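Novice: Quick one: the structure is below, questions incoming.
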Amino acid sequence: MPSYDYDLLIIGSGPAGEGAALHAAKLDQRVCMIEEQHFVGGNCTHKGTIPSKALRQAVRRIIQFNTLPMFRDVDAPQIFGYPKVLKQAERVIRKQVKLRTEMLARNGVKVVTGVASFVDANTVDVAGESGIEEKISAKNVLIATGSRPYHPAHMDFNHPRVFCSDSILHLNNTPKTLIVYGAGVIGCEYASIFAGLGVHVDLINTRSSLLEFLDDEISDALGYHLRDMGVNVRHNEEEERLEVDDDGVTLFLASGKRLRGDAILFCNGRTGNTSDLNLEAIGLKANHRGQISVDESYRTEVENIYGAGDVIGWPALASAAYDQGRSAAAAMLGGEQVRFVNDVPTGIYTLPEISSIGKTESELTAARIPYEVGRAFFKNIARAQITGDEVGMLKLLFHVDTLEILGVHSFGAESSEIIHIGQAVMNQPAGNNSIEYFVNSTFNYPTMAEAYRVAALEGLERVGRLND
Ligand SMILES: Cc1cc2nc3c(=O)[nH]c(=O)nc-3n(C[C@H](O)[C@H](O)[C@H](O)COP(=O)(O)OP(=O)(O)OC[C@H]3O[C@@H](n4cnc5c(N)ncnc54)[C@H](O)[C@@H]3O)c2cc1C
Ligand SMILES: NC(=O)c1ccc[n+]([C@@H]2O[C@H](COP(=O)([O-])OP(=O)(O)OC[C@H]3O[C@@H](n4cnc5c(N)ncnc54)[C@H](O)[C@@H]3O)[C@@H](O)[C@H]2O)c1
Numbered sequence: 001m002p003s004y005d006y007d008l009l010i011i012g013s014g015p016a017g018e019g020a021a022l023h024a025a026k027l028d029q030r031v032c033m034i035e036e037q038h039f040v041g042g043n044c045t046h047k048g049t050i051p052s053k054a055l056r057q058a059v060r061r062i063i064q065f066n067t068l069p070m071f072r073d074v075d076a077p078q079i080f081g082y083p084k085v086l087k088q089a090e091r092v093i094r095k096q097v098k099l100r101t102e103m104l105a106r107n108g109v110k111v112v113t114g115v116a117s118f119v120d121a122n123t124v125d126v127a128g129e130s131g132i133e134e135k136i137s138a139k140n141v142l143i144a145t146g147s148r149p150y151h152p153a154h155m156d157f158n159h160p161r162v163f164c165s166d167s168i169l170h171l172n173n174t175p176k177t178l179i180v181y182g183a184g185v186i187g188c189e190y191a192s193i194f195a196g197l198g199v200h201v202d203l204i205n206t207r208s209s210l211l212e213f214l215d216d217e218i219s220d221a222l223g224y225h226l227r228d229m230g231v232n233v234r235h236n237e238e239e240e241r242l243e244v245d246d247d248g249v250t251l252f253l254a255s256g257k258r259l260r261g262d263a264i265l266f267c268n269g270r271t272g273n274t275s276d277l278n279l280e281a282i283g284l285k286a287n288h289r290g291q292i293s294v295d296e297s298y299r300t301e302v303e304n305i306y307g308a309g310d311v312i313g314w315p316a317l318a319s320a321a322y323d324q325g326r327s328a329a330a331a332m333l334g335g336e337q338v339r340f341v342n343d344v345p346t347g348i349y350t351l352p353e354i355s356s357i358g359k360t361e362s363e364l365t366a367a368r369i370p371y372e373v374g375r376a377f378f379k380n381i382a383r384a385q386i387t388g389d390e391v392g393m394l395k396l397l398f399h400v401d402t403l404e405i406l407g408v409h410s411f412g413a414e415s416s417e418i419i420h421i422g423q424a425v426m427n428q429p430a431g432n433n434s435i436e437y438f439v440n441s442t443f444n445y446p447t448m449a450e451a452y453r454v455a456a457l458e459g460l461e462r463v464g465r466l467n468d
């Protein structure tokens, strides 16, 4: 048996790398993690999930302060600039880094700073900032290098008015007008954040509706509320060219429109981080989006090399990445905890928040499944009236005969939390997954979760099963 420095070498310290590291370390494996940034946590902590969610929470608080009658009685509405709000995110990032650094250290995971590239299937070269190179060997390797914003070649992202979702975290002023190009999840979340700060936002969607994977009713609601916040949403548009000058940017669209803004945030797609890895040395090839392929055990075509997180493509979520990393480590060790993550809830932190699990109405209709709908509007939920979060709805889709829950879709406050109640019931074995659970269980009152009871009662009444 050849001897290696480590049992497992992980490239990348984001959620996928962390999930794998902790699982392997708990099973007494010798684990080394290589990270090119100075701090652990991955892009998730430094550039993606955490900063955007912290920004969004700060903006939500500002909106509450400026709109709730109780605050209006004590003070005039306040204007907060983007740089001040950004400080909130920095505070959370610091806490996350501390937590994650200590957790890895406690579990004996060795963290090495530098850029990793393959020498062969068991050896990785680590290039440190000072030019010092180190070779590290391991029995198994996990590629968990994540992704970065896609930068079209013709756009100058070094220009101080041209931003991507990474560089927007360094914007040092509050623009009056902002063009957000790309209305995927990132574009919609940042449109909410900037509109919440009073910035006039043009949101350019290359598709025909917002976040097409959502239930139509929820997508429509998002469009309505974004517009209500002052976002100018334009569908079916394609960028032709961008001109930048000292006073602003002009975006020329293929439709002939010309949009003017103080700055542009381009967020249309991401690329897997594989270009530094020297994949040729191990016979692997990334696709045109920089992603690598894995099987259901997260194994690549090379027997001892695995992949997890954004670098393997869909669903490209931090939530999934933790589980994928853990499963990859379990697979290497021949354990039973291998789970191919293919059923993930959606949690979108726009204003209002959106969350869903299971099938949409369109999918059920296309599959000719007889379903019905039960809805609860947050304006009728006591907790929402108390907190002032009356915008929103919870919608249950269920089979008319079996009452099986087929989908749960929600927008409004706490949606991404309460979705997990629906998820837990939907994951029960056949027979136990029933909308009746919500009328046969007592819910805390007043809670947002009570929306399930209200929606289930409405649904049962609609199919004449209320007194079954
Ligand atoms: C703006 C934004 C908001 C998001 N919001 C959410 C959300 O609300 N919920 C959600 O679930 N997901 C969200 N995501 C997605 C989420 O951030 C990613 O899915 C997640 O970060 C992927 O984790 P990962 O472990 O694959 O990689 P990453 O978090 O990308 O980390 C990979 C790490 O590998 C390092 N690395 C790369 N190459 C090398 C190399 N050669 N050598 C050494 N180190 C290397 C990188 O420096 C990085 O630290 C968001 C993403 C963005 C951009
Ligand atoms: N709350 C959340 O869960 C959350 C928040 C933000 C981001 N994210 C994740 O981040 C990922 C990226 O989000 P997004 O808003 O950029 O959009 P997206 O995945 O919707 O992509 C936008 C568009 O860019 C195209 N594209 C993607 N990669 C490309 C590439 N490398 N080259 C050229 N075109 C490309 C896509 O076909 C699509 O039309 C998503 O997969 C999402 O899951 C999640």
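At position 327 of the sequence shown the residue is numbered 327 (full-length UniProt numbering), and the sequence of numbers has no breaks. For every residue, glycine included, the Cβ atom is placed at its ideal position computed from N, Cα and C. Note that this is a predicted model, so its numbers are computed, not measured.
(1) Between which two residues does the alpha helix (DSSP H) containing residue 51 stretch?
(2) Are residue 304 and residue 139 touching if we call contact CB-CB under 8 Å?
(3) Okay, do the segment 113 to 120 and the segment 24 to 41 touch, 3+ Cβ pairs below 8 Å being the bar?
(4) Are at least three pairs of beta-carbons, each pair with one atom in the segment 291 to 307 and one in the segment 129 to 137, less than 8 Å apart?
(5) Quick one, are the C-beta atoms of residue 181 and residue 236 less than 8 Å apart?
(6) Could you round the C-beta distance between residue 292 and residue 272 to whole angstroms and report it? I think they count as a contact, below 8 Å.
(7) Which residues share a DSSP beta bridge with residue 123?
(8) Mapping the DSSP letters down to three states, classify residue 393 as helix, strand or coil.
(9) Inspect the beta-carbon positions of residue 404 and residue 434 and report whether they are closer than 8 Å.
(10) Say the cut is 7 Å; is the CB of residue 273 nearer than that to a heavy atom of ligand 1?
(11) So, using beta-carbon positions, are residue 162 and residue 266 closer together than 8 Å?
(12) Under three-state DSSP, which class holds residue 220?
(13) On a Cα-Cα basis, can you pick out the residue from 339, 27, 19 and 15 that is closest to residue 7?
(14) According to the neighbour-count rule (16 or more other Cβ atoms, all chains shown, within 10 Å of its Cβ), is residue 152 buried or exposed?
(15) Between which two residues does the beta strand (DSSP E) containing residue 7 stretch?
(16) Beta-carbon separation of residue 99 and residue 55 under 8 Å?
(17) Give me the DSSP bridge partner(s) of residue 232.
(18) Tell me, to the nearest whole angstrom, how far the beta carbon of residue 412 is from that of residue 378; I am working on the premise that it is less than 8 Å.
(19) For residue 42, collect the residues of the same chain with a Cβ closer than 7 Å to its Cβ; drop the 5 residues on either side in sequence, then sort them by chain order.
(20) Looking at the strands, I want to know which residues DSSP matches up with residue 375.
(21) Where residue 326 and residue 103 are concerned, what is the direct C-alpha to C-alpha distance, given to the nearest angstrom?
(22) Touching or not, the segment 186 to 203 and the segment 224 to 243, by the rule of three or more beta carbon pairs under 8 Å?
(23) Give the straight-line distance between the Cα atoms of residue 24 and residue 275, rounded to the nearest whole angstrom.
(24) Please determine whether the Cβ atom of residue 327 lies at a distance below 7 Å from any heavy atom of ligand 4.
(25) For the beta strand (DSSP E) containing residue 110, list its first residue and its last residue.
(26) Just checking residue 52 against ligand 1 - is the residue's beta carbon closer than 7 Å to any of the ligand's heavy atoms?
(27) For residue 37, is the beta carbon positioned less than 7 Å from some heavy atom of ligand 1?
(28) Looking at C-beta atoms only, is the number of pairs between the segment 450 to 461 and the segment 362 to 379 that lie closer than 8 Å three or more?
(29) Looking at the strands, I want to know which residues DSSP matches up with residue 250.
(30) Does the CB of residue 145 have a neighbour CB from chain D at under 8 Å?
Specialist: So, from the data block:
(1) The residue labelled residue 51 in the question sits at position 51 within the sequence shown. Run containing residue 51: 49 to 67, per the alpha helix (DSSP H) assignment.
(2) Looking up residue 304 in the sequence shown gives position 304. Looking up residue 139 in the sequence shown gives position 139. A contact, by the Cβ cut-off of 8 Å.
(3) yes
(4) no
(5) Counted from its first residue, the sequence shown places residue 181 at position 181. Counted from its first residue, the sequence shown places residue 236 at position 236. In this structure, residue 236 does not lie closer than 8 Å to residue 181 by Cβ.
(6) Within the sequence shown, residue 292 is the residue found at index 292, counting from 1. Within the sequence shown, residue 272 is the residue found at index 272, counting from 1. Yes, residue 292 and residue 272 are in contact; Cβ-Cβ is about 7 Å, under 8 Å.
(7) Counting from 1 along the sequence shown, the entry for residue 123 is found at position 123. According to DSSP, which records beta bridges pairwise, residue 123 is partnered with 120 and 137.
(8) Sequence index remark: in the sequence shown, residue 393 carries index 393 (1-based). Looking at residue 393 - three-state DSSP - the assignment turns out to be strand.
(9) Looking up residue 404 in the sequence shown gives position 404. Looking up residue 434 in the sequence shown gives position 434. Against a cut-off of 8 Å, the Cβ pair of residue 434 and residue 404 comes out as a contact.
(10) The residue labelled residue 273 in the question sits at position 273 within the sequence shown. Because some heavy atom of ligand 1 lies under 7 Å away, the Cβ of residue 273 counts as near it: yes.
(11) Locating residue 162 in the sequence shown gives position 162, counting from the first residue. Locating residue 266 in the sequence shown gives position 266, counting from the first residue. Yes, these two residues count as a Cβ contact at 8 Å.
(12) By one-based count along the sequence shown, residue 220 stands at place 220. Three-state DSSP puts residue 220 in a helix.
(13) Counted from its first residue, the sequence shown places residue 7 at position 7. Of the listed residues, the one whose Cα sits closest to residue 7 is 27.
(14) As a working mapping, residue 152 is identified with position 152 in the sequence shown. Counting Cβ neighbours within 10 Å, residue 152 comes out exposed, since fewer than 16 surround it.
(15) Counted from its first residue, the sequence shown places residue 7 at position 7. Here the beta strand (DSSP E) through residue 7 covers 6 to 11.
(16) Within the sequence shown, the letter at position 99 stands for residue 99. Within the sequence shown, the letter at position 55 stands for residue 55. No, they are not a contact pair.
(17) To locate residue 232, count along the sequence shown from 1; it is residue 232. The partner list for residue 232 (beta bridge, DSSP) reads 202.
(18) On the sequence shown, position 412 is the one that residue 412 refers to. On the sequence shown, position 378 is the one that residue 378 refers to. Yes, they are in contact, since the Cβ atoms of residue 412 and residue 378 sit about 5 Å apart, within 8 Å.
(19) As a working note, residue 42 is residue 42 in the sequence shown. Taken in chain order, the residues that qualify are 12, 13, 14, 15, 17 and 146.
(20) Here residue 375 is taken as the residue at index 375 of the sequence shown, counted from 1. For residue 375, which the question treats as bridged, DSSP gives the partners 395.
(21) Locating residue 326 in the sequence shown gives position 326, counting from the first residue. Locating residue 103 in the sequence shown gives position 103, counting from the first residue. The straight-line gap from Cα to Cα measures roughly 15 Å.
(22) yes
(23) Residue mapping note: residue 24 aligns to position 24 of the sequence shown, counting from 1. Residue mapping note: residue 275 aligns to position 275 of the sequence shown, counting from 1. Taking the straight line from one Cα to the other gives about 27 Å.
(24) Summarising the ligand content, the structure contains ligand 1 and ligand 2 and does not contain ligand 4.
(25) Residue mapping note: residue 110 aligns to position 110 of the sequence shown, counting from 1. Per DSSP, residue 110 belongs to the beta strand (DSSP E) from 110 to 113.
(26) In the sequence shown, counting from the first residue as 1, residue 52 sits at position 52. True, at least one ligand heavy atom lies under 7 Å from that Cβ.
(27) For the purposes of this step, residue 37 is taken as residue 37 along the sequence shown, with counting starting at 1. Within the cutoff, so yes.
(28) yes
(29) Within the sequence shown, numbered from 1, the residue matching residue 250 stands at position 250. The partner list for residue 250 (beta bridge, DSSP) reads 243 and 260.
(30) Note that chain D does not occur in the displayed structure, where there is just one protein chain.
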